[in-house]
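Asker: Please read through the structure below; I'll follow up with questions.
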Ligand SMILES: [Zn+2]
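Numbering (my numbering), first residue to last: 488 to 1360.
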């Protein structure tokens, strides 16, 4: 009571009494907590607005005059709140972008249970894919939800933080012709009295879920039954756009097995009653989403016509499907307490998916693409501005930034590295214990380290090595030199933080579990050691004679980069033919990284690429194409350019002619992968002129009949045809783009047109971005964004596209999906002169931070530009 009096006196003494109270910053705090929700929505996907009513049972923990909830762009029509018998008199208070306040007039909320019933209206977004959004596919409208991370508040007022896990019950009204899916099974559906042509769908109360995992989909979907899978015979279904049921074939074939492999690893059944896989025609900013019991996929990930079922499609679906299904345990069953531990979701799902993929089909765990996650992780982590995996969250930008390559890829690499170190069986036991202990609840990094440490028989302090990778940014660079002194064979190793040329970043310390592979005495051997920052001599226990070659990152794994002393580097290049493919590919990537960072001479990179291209393995040749392509003409000295010309003439062009645009029966998966990278590169390089008319021919054939060229080659062929298009080819491609009914085919042609070389045609292509939308030739915000991004990524069109962006910025921003404009800084990270840097800085310094996550994107791109300048100028 005394406290209350003090508040009253303060209020009386404050002259600005009439002003609205200030909403919370970022988080709601612990004044109140939800107990359960009942949500009723009326959705017509053809319309831009929906109506809703939410009943929230909640507990008030402390006396408070105002209850704040999260809400964004919701129009509140009516509010009723009760506490026991008492009906509160509520005044609604505007709370800015993220909140709405409910002020109890007269007497405040008191500790205890309460009930809120709120009627409101909200937007069905048409350009963004967040909140409840709608999309047109094949002439039909679909409305789908995407709530992670902070968009459930666009669909209903709620406690929108991952720490609050409670049951939800959804009821959805829509036109009778629509199918409806949500997290749980439908329990009842009936014609809606008083609203002819509408139906009500009632869904079962869910298991405890945080708001970001609630989901719904409404539209004239085809629903494909997928039988059952796993320990509990979980029913599976696939929701495709109308008329496309047949395209779910591979998903239907592979999903049950993927789910069963996950159950086996976790030693626990799939946690929900059913699993629906729902198509989003075209998602922006994400590919798929792990809503409990209802995973959503961008159409190109889930669906393929017969000829589109390429190796790459299958591998991608299996990887993404396994990732999203792994989330049913990592993220859904056990949810991070707060966004700073989102890596407990994303790193784990990525790591787990790779494990499942390798069991599902070992061929999917091979080839050049296998190392993609490690390459992305290291590329991101070499920057001083890189985040750490476990990063504090203090504002909305931090939440958005948490979903980056560090979380997904570095997180997964580090998990794999420590799984090997601690022993896969003990690691698995730790994961199982962690799930048992925290099922249906929330957990933190600390909980995870505790469970793993206990199962591995290690004290928490021994896990410090693991934590050093999670709680520190950056990547270790390990210098390796071979010592062969008579019968004693050893290597000198020393470690420091990888710092690009000119970097002033402080050094960091790690204990790195590192495995080396070498060939000695006619045998390939592996040796694992723990490396600290002190220089160390390590005896190669299994070698009696000097190894022919020796490389770090055995098997192409490990979140660290090896740099070989000159004579060892030469030895490795000379014996490249004997290196296992994974080691050779890792060597190619690490060399490209070190050369680009100014930590290794470009000449060594060129020498290695020549050796890689001579290797008999198609996967290793692909690594060679990658490495030579990375040595950009504009950055080379005349002498280096001569070497590169020779590689192009002697290796790249003959190889491209041999491999060809068209697939040959009997091509291995590695050859398919090589072709995708090699042919378009050869066609635009010196001596590749002959490949261009062939590409034009094939592109026109594709335009007439989609299955007339191999699906994996369609984009490279279109890109090449457009890049070197004459007036007639350009006109044909542009006409075809606007005649396409499928979103992804139209997007493919537009992406190609962004690469047109001829200046007059390029101006014509760029003008498509802002062409006034006619019914027949509209380019929506998503396509406009993709188009501009592609133009900026194209080495030859980058500067012209950047000039176009600067001139038309305001119109482009008005058209792009919200939150995307700052992403354009990323393709510009390859700019590399002082003048370009100045232009980039002047233009984006103030503009990029205006968008969610934009400050960080700008900073990282600028740092990459600075590195390139420091290395080459
Ligand atoms: Zn994920």
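Cβ atoms here follow ideal geometry from the backbone N, Cα and C, with glycine treated the same way.
(1) Quick one: Cα of residue 1143 to Cα of residue 1166, how far?
(2) Are the beta-carbon atoms belonging to residue 618 and residue 591 less than 9 Å from one another?
(3) Is residue 837 near ligand 1, judged by its Cβ being under 8 Å from some heavy atom?
(4) State the Cα-Cα distance for the pair residue 677 and residue 534, rounded to the nearest angstrom.
(5) Could you tell me whether any Cβ in chain C is nearer than 9 Å to the Cβ of residue 1056?
(6) Regarding residue 818 and ligand 1, is the C-beta to nearest heavy atom distance less than 8 Å?
(7) Helix or strand or just coil, what does DSSP make of residue 787?
(8) Pick from 1248, 1040, 1225: whose alpha carbon is nearest that of residue 861?
(9) Ignoring anything shorter than 3 residues or poking outside the segment 984 to 1014, list the beta strand (DSSP E) runs there in chain order.
(10) Got a sec: does ligand 1 put a non-hydrogen atom nearer than 8 Å to the Cβ of residue 895?
(11) Say the cut is 8 Å; is the CB of residue 777 nearer than that to a heavy atom of ligand 1?
(12) Near residue 622, what residues of its chain come up, given a Cβ to Cβ distance below 6 Å and the 5 sequence neighbours on each side ignored?
(13) From the DSSP secondary-structure annotation, give me the bridge partner or partners of residue 781.
(14) Quick one: Cα of residue 501 to Cα of residue 552, how far?
(15) Kindly identify the DSSP beta-bridge partner or partners of residue 525.
(16) Rounded to whole angstroms, what is the Cα-Cα separation between residue 526 and residue 631?
(17) When the Cα of residue 1088 is compared with those of 1050, 1106, 1113, which residue comes out closest?
(18) With 16 other CB atoms within 10 Å as the buried threshold, where does residue 910 fall?
(19) Between residue 1376 and residue 1047, which are expected to be in contact by the criterion C-beta below 8 Å, what is the C-beta distance as a whole number of angstroms?
(20) Let me check you understand the geometry: is the CB of residue 833 closer than 8 Å to at least one non-hydrogen atom of ligand 1?
(21) Roughly how many angstroms separate the alpha carbons of residue 1014 and residue 995, rounded to a whole number?
(22) Can we count residue 688 as close to ligand 1, meaning its CB is less than 8 Å from some heavy atom?
(23) Is residue 1070 close to ligand 1? I mean its beta-carbon at under 8 Å from any heavy atom of the ligand.
(24) From this set, 536, 988, 1358, which residue's C-alpha is nearest residue 1390's C-alpha?
(25) Ligand 1 and residue 900: does the residue's C-beta get closer than 8 Å to at least one heavy atom of that ligand?
(26) Report yes or no: do the segment 707 to 715 and the segment 736 to 750 share at least 3 C-beta pairs separated by less than 8 Å?
(27) Considering only residues of the same chain and omitting the five flanking positions on each side of residue 1094, which have a CB-CB separation below 7 Å?
(28) Quick one: is the Cβ of residue 666 within less than 8 Å of any heavy atom of ligand 1?
(29) Check whether the segment 805 to 813 and the segment 742 to 755 are in contact - that is, three or more C-beta pairs closer than 8 Å.
(30) Under a Cβ-count criterion, where at least 16 other Cβ atoms within 10 Å of its own Cβ denotes burial, should residue 1294 be classed as buried or exposed?
(31) Should residue 811 be counted as a contact of ligand 1 given a C-beta to heavy atom distance under 8 Å?
(32) Taking 8 Å as the cut-off, is the CB of residue 1350 close to at least one heavy atom of ligand 3?
(33) Could you give the distance in angstroms between the alpha-carbon of residue 452 and the alpha-carbon of residue 1350?
(34) How many whole angstroms separate the CB atoms of residue 521 and residue 646, which I take to be in contact at a CB cut-off of 8 Å?
(35) Can you tell me where the alpha helix (DSSP H) holding residue 746 begins and where it ends?
(36) Could you tell me which of 673, 1253, 680 sits nearest to residue 1361, measuring between CA atoms?
Answerer: Walking through what the data contain:
(1) The alpha-carbon atoms of residue 1143 and residue 1166 are separated by roughly 6 Å.
(2) No, the Cβ-Cβ distance between residue 618 and residue 591 is not below 9 Å.
(3) Ligand 1 approaches residue 837 closely enough that one of its heavy atoms is under 8 Å from the residue's Cβ.
(4) In a straight line, the C-alpha of residue 677 is about 22 Å away from that of residue 534.
(5) Note that chain C does not occur in the displayed structure, where there is just one protein chain.
(6) In this structure, the C-beta of residue 818 approaches ligand 1 to less than 8 Å from one of its heavy atoms.
(7) In this structure, residue 787 counts as helix in the three-state DSSP scheme.
(8) Out of 1248, 1040, 1225, 1040 has the C-alpha closest to the C-alpha of residue 861.
(9) Note on the segment 984 to 1014: whole beta strand (DSSP E) runs with a minimum of 3 residues are 999 to 1007, in chain order.
(10) Under cutoff, so the answer is yes.
(11) Yes - ligand 1 has a heavy atom lying nearer than 8 Å to the Cβ of residue 777.
(12) So the qualifying residues of the chain are 629, 768.
(13) Answer by DSSP bridge pairing, in chain order: 763.
(14) Note that residue 501 scores a pLDDT of 44, beneath 50, so its modelled location is shaky; the value from the coordinates is reported in the next line. About 17 Å.
(15) Partner(s): 542, 656.
(16) Those two C-alpha atoms are separated by around 16 Å.
(17) When each option's Cα is compared against that of residue 1088, the closest is 1050.
(18) By the 10 Å Cβ count, residue 910 comes out exposed.
(19) Here the chain comprises residues numbered 488 to 1360, so residue 1376 is not present and cannot be evaluated.
(20) Checking the Cβ of residue 833 against ligand 1 gives yes.
(21) Residue 1014 and residue 995: Cα-Cα distance of roughly 25 Å.
(22) Short note on residue 688: C-beta not closer than 8 Å to any heavy atom of ligand 1.
(23) No, the Cβ of residue 1070 stays beyond 8 Å of every heavy atom of ligand 1.
(24) This structure gives no information on residue 1390, because the portion of the chain shown stretches from 488 to 1360.
(25) Residue 900 has its CB no nearer than 8 Å to any heavy atom of ligand 1.
(26) At 8 Å Cβ cutoff, the stretches touch.
(27) Within the same chain, residue 1094 has close Cβ partners 1060.
(28) No, the beta carbon of residue 666 sits no closer than 8 Å to any heavy atom of ligand 1.
(29) The answer is yes - the segment 742 to 755 touches the segment 805 to 813, with three or more Cβ pairs under 8 Å.
(30) Residue 1294 comes out exposed.
(31) Yes, ligand 1 has a heavy atom inside 8 Å of this Cβ.
(32) Ligand 3 is not part of the structure shown, which contains ligand 1 as its ligands.
(33) Not covered by the structure: residue 452. The range shown for the chain is 488 to 1360.
(34) About 5 Å separates the beta carbon of residue 521 from that of residue 646, a gap short enough to meet the 8 Å contact definition.
(35) Start and end: 736 to 753.
(36) A query on residue 1361 cannot be resolved here, the shown segment of the chain reaching from 488 to 1360 and no further.
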